[in-house]
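Below: the structure, in structure tokens.
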Amino acid sequence: MADPHELAFDDLFAIDRRVRVLAGEVAAAERAIARGEDEHPFDKPSRNVLSTLASWRELAARPVVALDEPLKAGVLRWVHAFLLARVSHARRLDLAERRREGDETGVGGVGYARALRGLVLGSNDGERVAAQREVVARRAAVFAAIDGRDELVAEAGRRSVGLVGTGARASRAHGQGEERRFEGEDACVEALRSASEGALAEASKRFRLDRDGVSVRPRNLAFFDGLLGRDAREGWPARHLEAWLADTFRELLRVRRPASITLPAVAGASSFVRLVGAFGGAWAEASVPAGTPFALAHEPLSFRPRVARVLFALTVAGEPFQRRALGLSGDELPAQLRALRRSLWQAVHVEVVRAEADRRGLRAGSREREELVEALFLGHLEAPVAAALTAPGDGFAFEVLLHGVNLATAARDALDEDWFRNPRAPEWFEEHVGSQFGPHPRLVDAPGTARLLARLLGDHYA
Numbered sequence: 009m010a011d012p013h014e015l016a017f018d019d020l021f022a023i024d025r026r027v028r029v030l031a032g033e034v035a036a037a038e039r040a041i042a043r044g045e046d047e048h049p050f051d052k053p054s055r056n057v058l059s060t061l062a063s064w065r066e067l068a069a070r071p072v073v074a075l076d077e078p079l080k081a082g083v084l085r086w087v088h089a090f091l092l093a094r095v096s097h098a099r100r101l102d103l104a105e106r107r108r109e110g111d112e113t114g115v116g117g118v119g120y121a122r123a124l125r126g127l128v129l130g131s132n133d134g135e136r137v138a139a140q141r142e143v144v145a146r147r148a149a150v151f152a153a154i155d156g157r158d159e160l161v162a163e164a165g166r167r168s169v170g171l172v173g174t175g176a177r178a179s180r181a182h183g184q185g186e187e188r189r190f191e192g193e194d195a196c197v198e199a200l201r202s203a204s205e206g207a208l209a210e211a212s213k214r215f216r217l218d219r220d221g222v223s224v225r226p227r228n229l230a231f232f233d234g235l236l237g238r239d240a241r242e243g244w245p246a247r248h249l250e251a252w253l254a255d256t257f258r259e260l261l262r263v264r265r266p267a268s269i270t271l272p273a274v275a276g277a278s279s280f281v282r283l284v285g286a287f288g289g290a291w292a293e294a295s296v297p298a299g300t301p302f303a304l305a306h307e308p309l310s311f312r313p314r315v316a317r318v319l320f321a322l323t324v325a326g327e328p329f330q331r332r333a334l335g336l337s338g339d340e341l342p343a344q345l346r347a348l349r350r351s352l353w354q355a356v357h358v359e360v361v362r363a364e365a366d367r368r369g370l371r372a373g374s375r376e377r378e379e380l381v382e383a384l385f386l387g388h389l390e391a392p393v394a395a396a397l398t399a400p401g402d403g404f405a406f407e408v409l410l411h412g413v414n415l416a417t418a419a420r421d422a423l424d425e426d427w428f429r430n431p432r433a434p435e436w437f438e439e440h441v442g443s444q445f446g447p448h449p450r451l452v453d454a455p456g457t458a459r460l461l462a463r464l465l466g467d468h469y470a
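Right under this line is the structure:
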């Protein structure tokens, strides 16, 4: 019988089965840590062996046949993720506690996360303004936890020196190697920001100013109303959302059915965009052929489902979707498309501003970051709220956006604008989405991405 404390390095499939089990245990431990419980997924030698630098190096050095190279790469990604989780366990417990302190009930009985939701989704302006005050009051503790997380990433990276990089922002998110930049990325960021600025001005005009151009509502509320797509009201289903998804994407569901998804509270058209995006992410996960090894079907950075979310979200703002899935026509169609596309351009602007601040290395709680993001929002958001909205994430969202835009363009070119009704769609996506294991997709045209996005969303703001 094989020793559970050792790895059979010549049997990738046996290692893959152990990776599957430990990945589930690590995910459960992360949820427990978030609840304040000291759960350690690496407290047994049989688990520890999958999270050591020695195991990573031994596996990396083992030659395999060409057919097994993708599986080897997938297993290596997971072993490295386990290594970083293990060496950072104690610090992550501390950071989780600091984050909870920032999100505990504050002045007026509302914690940070709830206050941020209240600012965006509140039922009236008075409630939202009160929530904004709480966001501003509580943000320092939350930003401190984010800064601590980033320090932890850097520290974990130093403790695992020698591991190969996994891509641009993924290298920061997982502490692997040097950060890789796309060729032409600076120009792409600038072009996307310039293209999306018009959406901010139109949202302000639509939701903040009266007919005489006089400001009658706070600028933050106007921005979020535009971001939520609250004026794109036509055609959305009032109930039976699962049935609506099943009918809209019936060609995709002929072959694979995704796991159930959480249905969002409806607060505007963006709720349906998120719903369709979540469906797309779940479908991408399910589109991997049955029997695929775990390390090929899943990867720590969840690259494939995140890219699919972008693709499906962009599809909602297309004329074929609005006509065929929602039944719109006549004058209501162009008005709805414009409102939806403005909402998506605003979302793009948020990610571009976050990426710009991250590229400059500005910390979450720094005055420099707050001043920069306020300037990049052109006065349409107050500095504390802009900083909260664009706080550093996992460092990977901008890369996901680039890939999603390029994939959406490829899908439209290969399958036509109503690709979601094309009988060839499942096969095409199994090849193109199902092949993207990790942060090295086939192609991404960074300099041309702004032009591609304008092509997908129209050039109203380009």
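Residues 9 to 470 in the numbering used here are what the sequence shown lists, from first letter to last.
For every residue, glycine included, the Cβ atom is placed at its ideal position computed from N, Cα and C.
Residue i vs residue j beta-carbon contact at 7 Å
{"i": "G234", "j": "F215", "result": "yes"}
{"i": "H411", "j": "V315", "result": "yes"}
{"i": "P392", "j": "A372", "result": "no"}
{"i": "R85", "j": "S59", "result": "no"}
{"i": "E390", "j": "N132", "result": "no"}
{"i": "V281", "j": "A321", "result": "yes"}
{"i": "A303", "j": "D24", "result": "yes"}
{"i": "E359", "j": "L409", "result": "yes"}
{"i": "V361", "j": "L345", "result": "no"}
{"i": "L465", "j": "R375", "result": "no"}
{"i": "R70", "j": "F17", "result": "yes"}
{"i": "E242", "j": "L336", "result": "yes"}
{"i": "L253", "j": "F287", "result": "yes"}
{"i": "R317", "j": "A294", "result": "no"}
{"i": "V57", "j": "L30", "result": "no"}
{"i": "A394", "j": "V413", "result": "no"}
{"i": "E259", "j": "R429", "result": "yes"}
{"i": "R147", "j": "A396", "result": "yes"}
{"i": "V143", "j": "F232", "result": "no"}
{"i": "A290", "j": "V296", "result": "no"}
{"i": "A195", "j": "A240", "result": "no"}
Unbroken alpha helix (DSSP H) run spanning residue i, endpoints
{"i": "V197", "result": "E193 to F215"}
{"i": "R402", "result": "Note that residue 402 is Asp in the sequence shown, not Arg. Per DSSP, D402 belongs to no alpha helix (DSSP H) and is neither H nor E."}
{"i": "L386", "result": "Counting along the chain, L386 falls outside any alpha helix (DSSP H), and DSSP gives it neither H nor E."}
{"i": "F17", "result": "That residue, F17, is in no alpha helix (DSSP H); it is neither H nor E in DSSP."}
{"i": "E250", "result": "L249 to T256"}
{"i": "S351", "result": "E340 to R367"}
{"i": "G128", "result": "The sequence shown places Val at residue 128, rather than the Gly named in the question. Taken as a continuous stretch (DSSP letters only), the alpha helix (DSSP H) holding V128 covers Y120 to L129."}
{"i": "P328", "result": "E327 to R332"}
{"i": "S278", "result": "A277 to A294"}
{"i": "T457", "result": "T457 to L465"}
{"i": "F428", "result": "From DSSP, F428 is part of no alpha helix (DSSP H); its letter is neither H nor E."}
{"i": "L309", "result": "Counting along the chain, L309 falls outside any alpha helix (DSSP H), and DSSP gives it neither H nor E."}
{"i": "P434", "result": "A433 to H440"}
Where residue i falls, given that 16 or more other Cβ within 10 Å makes a residue buried
{"i": "T270", "result": "exposed"}
{"i": "G130", "result": "buried"}
{"i": "K52", "result": "exposed"}
{"i": "R262", "result": "exposed"}
{"i": "R26", "result": "buried"}
{"i": "G387", "result": "exposed"}
{"i": "A458", "result": "buried"}
{"i": "A251", "result": "exposed"}
{"i": "H357", "result": "buried"}
{"i": "E186", "result": "Low local confidence applies: a pLDDT of 38 at E186 is under 50, so the model's placement there is unreliable, with the coordinate-based value given in what follows. Counting Cβ neighbours within 10 Å, E186 comes out exposed, since fewer than 16 surround it."}
{"i": "Q184", "result": "Confidence at Q184 is low in this model, with a pLDDT of 39, below 50, so its placement is unreliable and no value can be given for it."}
{"i": "G117", "result": "At G117 the pLDDT is 39, less than 50, meaning the model places this residue with poor confidence and gives no usable figure here."}
{"i": "E193", "result": "buried"}
{"i": "V172", "result": "Confidence in V172 is poor, its pLDDT being 37 and thus under 50, which makes the residue's placement too unreliable to answer from."}
{"i": "V73", "result": "exposed"}
{"i": "A181", "result": "In this prediction, A181 has a pLDDT of 38, which is less than 50 and means its spatial position is unreliable; what the coordinates show is noted afterwards. By the 10 Å Cβ count, A181 comes out buried."}
{"i": "V197", "result": "buried"}
{"i": "E378", "result": "buried"}
{"i": "G221", "result": "exposed"}
{"i": "D424", "result": "exposed"}
{"i": "F90", "result": "buried"}
{"i": "S351", "result": "buried"}
{"i": "S213", "result": "Just to set this straight, residue 213 is Lys in the shown sequence, not Ser. So K213 counts as exposed."}
{"i": "A139", "result": "buried"}
Beta-bridge partners of residue i, as assigned by DSSP
{"i": "S223", "result": "L217"}
| field | Those runs of the alpha helix (DSSP H) which lie wholly inside the stretch 57-95 and span at least 4 residues | value | Whole alpha helix (DSSP H) segments, 4+ residues: 61-69 and 77-95.
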